[in-house]
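Protein chains: 2
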Amino acid sequence: VSPDQLQEYLYAQIPLSQAMAVRAVAVDVETVVLTAPLQPNINHQRTVFGGSACALATLAAWGLLYTRLQSEQKRADLVIQRNSMEFERPLAGRFFARAELDDPQRWSQFLDTLDRRGKARIRIVARLWQEEREIAARFSGDFVAVQARR
Amino acid sequence: VSPDQLQEYLYAQIPLSQAMAVRAVAVDVETVVLTAPLQPNINHQRTVFGGSACALATLAAWGLLYTRLQSEQKRADLVIQRNSMEFERPLAGRFFARAELDDPQRWSQFLDTLDRRGKARIRIVARLWQEEREIAARFSGDFVAVQARR
């Protein structure tokens, strides 16, 4: 999955990503980085609306899991089960979200469980920041993959 | 604050609320109910994108705190500090978020602390559901109010 392919997929399937003007910056099996400009995501304090930050992190986390499953040639539907975010400081410009597996060592167990039971859960984390600034928010999401029926 | 006033304020200040086609259904000091249609918030599974659900809940929670502070004639900037969401079942149509104080008895203590220290924290919860269906997701957010400088 290339950044352009992921971005096209998001725009086609999740129109909010287009309203947010999300761009895919980097996509591989280790990490997915998405970015969005301030303007369509601004709030009354001229900083990034918390809901936009949550949405960008969710898209990045979902994108990472999608990319990894594609690279393993697994077909699975992905459902988010829970998420949490900690906001440490405001984002006041173009912002980024970088998603990674919470525990890369759990990946093979996740695939085994998915094969064996047709369903498995995994945690993805994301960090959010603003250009040239330190981390501003942290996201954690638990996703359930359910093997797609043929 | 009437539903129309809250909706106008959201559309003017938080453009994502307009992209999501959010409408304010009920606004008082006890509860704020917002709704949004599926189409601008859809995902690849034809259900509500988790980021949209998170954004609607955040708007409802923020709207409740804003309404309560207005009714007390307090001017404060509101910042979200953390949030979490549990997704129990998919939302597959027009969806709603109802925000309430997590613990109404803490309100007077919150106002006291805001007056005394110029800053106070409070938790707002929201339930999400789809028309004529049971609760599909639960949100909890901690907001910090910071007294606005005159």
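Protein sequences, first through last, are from chains G and F.
Residue numbering for the first sequence follows the numbering used here, beginning at 323 and increasing consecutively.
Residue numbering for the second sequence follows the numbering used here, beginning at 323 and increasing consecutively.
All C-beta atoms, glycine included, are put in the ideal place defined by N, C-alpha and C.
F:V349 has its alpha-carbon roughly 8 Å from the corresponding atom of F:L328. Rounded to whole angstroms, the gap between the alpha carbons of G:L386 and G:F409 is 22 Å.
Interface annotation, F:Q335: in contact with chain G, CB-CB separation under 7 Å. The beta carbons of G:L332 and F:S374 sit no closer together than 7 Å. Among the CB atoms of chain G, none fall inside 7 Å of the CB of F:L450. Residue state for G:N363 is assigned as helix, using DSSP reduced to three classes. Scanning its chain for C-beta atoms nearer than 6 Å, with the 5 sequence neighbours on each side dropped, one finds around F:W451 the residues F418, I457 and A458, in chain order. From the listed residues G:T357, G:C376, G:A341 and G:T353, the smallest Cα separation to G:G415 is found for G:T357. For F:D326, none of the residues of chain G pass the 9 Å Cβ criterion, the least Cβ distance being about 17 Å. Closer than 7 Å to the CB of F:T389 there is not a single CB belonging to chain G. G:Q392 and F:R411 have their C-alpha atoms some 25 Å from each other. For the C-beta of G:R439, not a single chain F residue is nearer than 7 Å; the gap to the nearest is close to 20 Å. Residues of the segment 389-412 of chain F whose Cβ lies closer than 8 Å to any Cβ of chain G, in chain order: D399, V401, I402, Q403, R404, N405, S406, M407, E408, F409 and P412. For the segment 411-438 of chain F, the full-length beta strand (DSSP E) segments reaching 3 residues or more read 417-423 along the chain.
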